[in-house]
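Engineer:
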Amino acid sequence: MEKTWRWFGKKDKITLSMLRQIGVEGIVTALHDIPNGEIWTVEAINDLKTYIESYGMRWSVVESLPVCEAIKYAGPERDQLIENYTISLANLGKCGIKTICYNFMPVIDWVRTDLQHPWPDGTSSLYYDRVRFAYFDLKILQRKGAEVDYSEEEFNKVAALDKTITETEKDELIDAIIVKTQGFVNGNIREDDKNPVAIFKKLLTLYDGIDRNMLRENMRYFLSAIMPVCEEYGINMCVHPDDPPFQILGLPRIVTNEEDIAWFLQAVDNPHNGLTFCAGSLSAGTHNDTRELARKFAKRTHFVHLRSTDAMPGGNFIESTHLTGRGHILELIRIFEKENPGLPMRVDHARMMLGDEDKGYNAGYSFHGRMLALGQVEGMMAAVEDEIQRGIL
Ligand code: DNO
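Numbering-wise, the sequence shown is residues 1201 to 1593 according to this note's numbering.
(1) Between Asp1309 and the ligand DNO, is there a pair consisting of the residue's CB and a ligand heavy atom that are separated by less than 7 Å?
(2) Val1348: beta carbon under 7 Å from a heavy atom of the ligand DNO?
(3) Between the alpha carbons of Thr1476 and Val1504, how many angstroms are there, rounded?
(4) Would you check whether the ligand DNO has a heavy atom nearer than 7 Å to the C-beta of Asp1279?
(5) Whose CA, out of Asp1392, Val1397, Ser1217 and Ser1483, lies closest to the CA of Met1512?
(6) Which whole-angstrom value describes the C-beta separation of Gly1474 and Met1437, a residue pair presumed to lie in contact below a C-beta threshold of 8 Å?
(7) For a test of your reading of the model: does the CB of Asp1556 fall under 7 Å from any non-hydrogen atom of the ligand DNO? Yes or no.
(8) What residues are listed by DSSP as bridge partners for Asp1314?
(9) Ala1398: buried (16+ other C-beta within 10 angstroms of its C-beta) or exposed?
(10) Given a cut-off of 8 Å on the beta-carbon distance, is the pair Phe1497 and Met1201 in contact?
(11) In chain order, which continuous runs of the alpha helix (DSSP H) of length 4 or greater are located wholly inside the segment 1446-1485?
(12) Taking the straight line between their C-alpha atoms, what separation do you get for Asn1236 and Tyr1285?
(13) State the DSSP-derived secondary structure class of Glu1225, mapped to helix, strand or coil.
(14) For Asp1510, which residues of its own chain have a beta-carbon under 6 Å away from its beta-carbon, when the five flanking residues on both sides are left out?
(15) Return yes when at least one heavy atom of the ligand DNO lies under 7 Å from the C-beta of Glu1144, else no.
(16) Helix, strand or coil: which one does DSSP assign to Thr1366?
(17) I'd like the list of long-range same chain contacts for Arg1500, defined as Cβ closer than 8 Å, with 5 residues on each side in sequence excluded.
(18) Can the beta-carbon of Pro1444 be found less than 8 Å from the beta-carbon of Gly1485?
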């Protein structure tokens, strides 16, 4: 597999020369300064591409070319936005960048309740606590109809939490769920927004009355519209699974399990319509077995996120190390190297350690933690390569 790294552009505190030193081969990035929905020009793409190449690496994957909400909920401006998207794709194709990661999650991308959950060894990681999430939904958002999503036991726990939670903790919860995890990935909420909860509530209303089937149809519409340009330029689209892979906040989520993946691959049955196999997102749902999914969908996978999670009691989950957990990374490397060799892969959501905490990195994108994870994954890749050489895989 190709060793890639998510880099947030020239403003990223982790520089390309640092990445070169730790053995990164390919860069995963985006034109982060261009607002969602606007066209990526050949000039802007080439400028960043040349910069990356000047450090001896290549721009391997775009993550993400964001799909605007109006495309997802089928607003009146969707055709214009799809037209812009198609032009950006063609421009990327002209520059030779052909693997494009995106997602189709309404309003909110990945969700965690704690960005610095302490481990006994002094490191920290991201964490999802179902009761804290329910607290956000029921007490902070006060979402209409939210009651049906939680059990009586969860209600009682939320009521107990309400008696002890401090205002600072509430702010931290809001920050974790809708600011720090979203700002840098989809631009719906920015770090300097004054009232993120109000903005978020308004965004949720865009999906009133939109169910899973409608969202699926909107995804089919989008993919069908962009396939001709993907074919023309050899571009591989790869959707990121929903994280976590289950329904939240009354929003439909449609890339959560085997049936969902099979659905969108079949709905637009074209090799250019594929999957970002995010082992972390998929493993966060106890209904998923990453090994089975990889065996099934390896051929339509264009990009791999190697990370792992552990399920905890009560529907909570934690990012585990890259050597452990429900991601089964070693086995995934075996499957992908056998079924679809050479795919770009990056590590993801590593722990914070050894001073990462003070650097202001984007949540989940520490330096030391990711470097350790990359070292672990490289070791596993070497072991798999050895199995291939010895003919035992
Ligand atoms: C989280 C990321 C996702 C991913 C987008 C792709 O850390 O893996 O936010 O970049 O969903 O569009």
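The beta carbon of each residue, even a glycine, is placed where N, CA and C say it ideally should be.
Structural biologist: Reading from the atomic positions:
(1) yes
(2) no
(3) 6 Å
(4) no
(5) Ser1483
(6) 6 Å
(7) no
(8) Tyr1327
(9) exposed
(10) no
(11) 1458-1467 and 1479-1483
(12) 10 Å
(13) coil
(14) Ile1518, Ser1520 and Gly1525
(15) It is not possible to answer for residue 1144, since the shown part of the chain is limited to 1201 through 1593.
(16) coil
(17) Leu1465, Pro1471, Asn1473, Gly1474 and Leu1475
(18) yes
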